[in-house]
Amino acid sequence: MLQANMGRAVQGEADVILFNIDSKADANSKNQKDSIVQVFQKVFDEHLGYFGAVPAIAEFERQLDQRGQYGAFKQAFAKSSGQESWENSRDAWLFHQEDIAQALVECAGMGLEAAQRLVESLDQTYNLSVEKFAQTVKQYVQSKGRNHRLLFMVDEVGQYVGENSDLMLNLQTVVEDLGVHCLGSAWVIVTSQEAMDEITKNKIRGNDFSKIVGRFYKSLSLSSANTDEVIKLRLLEKNEAAQTYLISLYRDKQAILKNQISFTSDCAEMSAYGDATDFACTYPFVSYQFKLLQWCLPKFG
Numbered sequence: 001m002l003q004a005n006m007g008r009a010v011q012g013e014a015d016v017i018l019f020n021i022d023s024k025a026d027a028n029s030k031n032q033k034d035s036i037v038q039v040f041q042k043v044f045d046e047h048l049g050y051f052g053a054v055p056a057i058a059e060f061e062r063q064l065d066q067r068g069q070y071g072a073f074k075q076a077f078a079k080s081s082g083q084e085s086w087e088n089s090r091d092a093w094l095f096h097q098e099d100i101a102q103a104l105v106e107c108a109g110m111g112l113e114a115a116q117r118l119v120e121s122l123d124q125t126y127n128l129s130v131e132k133f134a135q136t137v138k139q140y141v142q143s144k145g146r147n148h149r150l151l152f153m154v155d156e157v158g159q160y161v162g163e164n165s166d167l168m169l170n171l172q173t174v175v176e177d178l179g180v181h182c183l184g185s186a187w188v189i190v191t192s193q194e195a196m197d198e199i200t201k202n203k204i205r206g207n208d209f210s211k212i213v214g215r216f217y218k219s220l221s222l223s224s225a226n227t228d229e230v231i232k233l234r235l236l237e238k239n240e241a242a243q244t245y246l247i248s249l250y251r252d253k254q255a256i257l258k259n260q261i262s263f264t265s266d267c268a269e270m271s272a273y274g275d276a277t278d279f280a281c282t283y284p285f286v287s288y289q290f291k292l293l294q295w296c297l298p299k300f301g
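Under this note's numbering, the first residue of the sequence shown is numbered 1, with each subsequent residue one higher.
Dropping the structure here:
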């Protein structure tokens, strides 16, 4: 059974969108109840190559793409604007409305007046809801095939949400609607430096918080006890040549290291290098230093 499940898991392909929510959010977005879905829509659009900074333009690009006209539009825009690429010009799209309209005439067969009206109304007719976002994601994953998955991996949610219950509820709705519309094809993984129940203590009613947590299938705790694993994987990982060299170095200096790094019986939790592989993974640190760091980290708060 396990082998069969693992086999099915590796058969499908997946898009992974990894982002820090605070860095992707607009400066004043925390004051808006729907800021979570705005950030999700933004990073999703950017992942597809659209202009996520202006949602209306991203939606305009998506509509052209779905009609098979996006490539032709970019070529027509470059011609109309004097060989300026669309990607380099779209942040100043308000100054290129005539070029956009002319490109639409050429690539979409629209009349000039109709194209001009469409361009003028782009940012006036756009609206976003959680349901609309979920449906957009659904259309995308369905277009990629039956076994395709989309993963939103969101860092620092706890810091961004803080004590704002509206943001927590907006996150709940995003996860809930993705589940309803995508039926397991879209996943949301969030991280927080603090336990979410600590962040929201006395701020969200217990029943409401339980509903939010219930939208997340698994909860993983990465405490300071995992510090050594994080440091080894993110800071101390070596290439193959360095790994081979350090293993050889340990074997040459093993006796010296054991003499210089030793602990008495009352320091049972302290440890030196376990073997050559441990030396290569932890170098230039010593294993006991991770334990000291684990004891110190909780005191920093």
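Backbone N, C-alpha and C define an ideal beta-carbon position, used for all residues, glycine too.
In the three-state scheme derived from DSSP, where H, G and I count as helix and E and B as strand, A78 is classed as helix. Separation of T282 and T244 (C-alpha to C-alpha, rounded to the nearest whole angstrom) is 14 Å. Around W86, the same chain offers K74 and F77 as residues with beta carbons nearer than 6 Å, after the five sequence neighbours per side are excluded. Across the set E237, A276, D34 and L235, the C-alpha of D34 shows the shortest separation from the C-alpha of E131. In the displayed model, A241 falls within a helix according to three-state DSSP.
Judged by beta-carbon spacing, D15 lies within the 9 Å limit of H148, meaning their Cβ atoms are closer than that value.
Here V37 is not near S121, since their CB atoms are 9 Å or more apart.
As a beta-bridge residue in DSSP terms, R149 pairs with A14. In the same chain as A134, and ignoring 5 residues on each side of it, the C-beta atoms closer than 6 Å to its own belong to D177, L178 and H181, in chain order.
The Cβ atoms of Q83 and A101 lie no closer than 9 Å to each other. If you draw a straight line from the Cα of T191 to the Cα of L151, it is about 13 Å long.
Residue pairing by DSSP places A186 opposite L150 in a beta bridge. By the Cβ-count criterion, S262 is exposed, with fewer than 16 other Cβ atoms from all chains shown falling within 10 Å of its own Cβ.
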